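Trainee:
In the numbering used here, the protein residues as written are 196 to 327.
1. Taking C-beta to C-beta, are residue 320 and residue 306 nearer than 8 Å?
2. Put residue 292 into one of helix, strand or coil per three-state DSSP.
3. Just checking my contact of residue 299 with residue 245 at CB under 8 Å: how many whole Å lie between their CB atoms?
4. Where in the stretch 245-306 do unbroken runs of the alpha helix (DSSP H), each at least 4 residues long, occur, reported from the N-terminal end onward?
5. Quick check on the burial criterion: 16 or more other C-beta atoms within 10 angstroms. Buried or exposed for residue 273?
6. Helix, strand or coil for residue 234? Go by DSSP, reduced to three states.
7. Just verifying my parser: in three-state terms, what is the DSSP assignment at residue 218?
8. Can you tell which of 231, 220, 217, 256 has its C-alpha closest to the C-alpha of residue 310?
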């Protein structure tokens, strides 16, 4: 037996929007090991930013968060050499919330695609998630 779903017509439905950047590849100079800050390495960034649509019809770019602006924020932080990826990720999330204070959550993953670990094949990285 199914339970009927009651939708209150007086209460607008919430639509949560998630803007995603997926597998953004960048060369950057992060790391604590000898040579990493000078030579740099290849990184991959994944980002999600969630917000309430506020009842918009999504007719113009002003009705959403531009993924181009998100890419610019990520690239700006990735250009600054920083030893730990955790700090890079935290600063990216800080920058996003500063620019878009209405967001409900944000998450980022940063992977080092060729870590300097002997006899290691794969990638290493961090993930941070923030709920506002």
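All C-beta atoms, glycine included, are put in the ideal place defined by N, C-alpha and C. All values derive from a computational prediction rather than experimental measurement.
Mentor: The short version:
1. Yes, the pair counts as a contact, with Cβ atoms nearer than the cut-off.
2. helix
3. 5 Å
4. 262-273, 280-294
5. buried
6. helix
7. In this structure, residue 218 counts as strand in the three-state DSSP scheme.
8. 231
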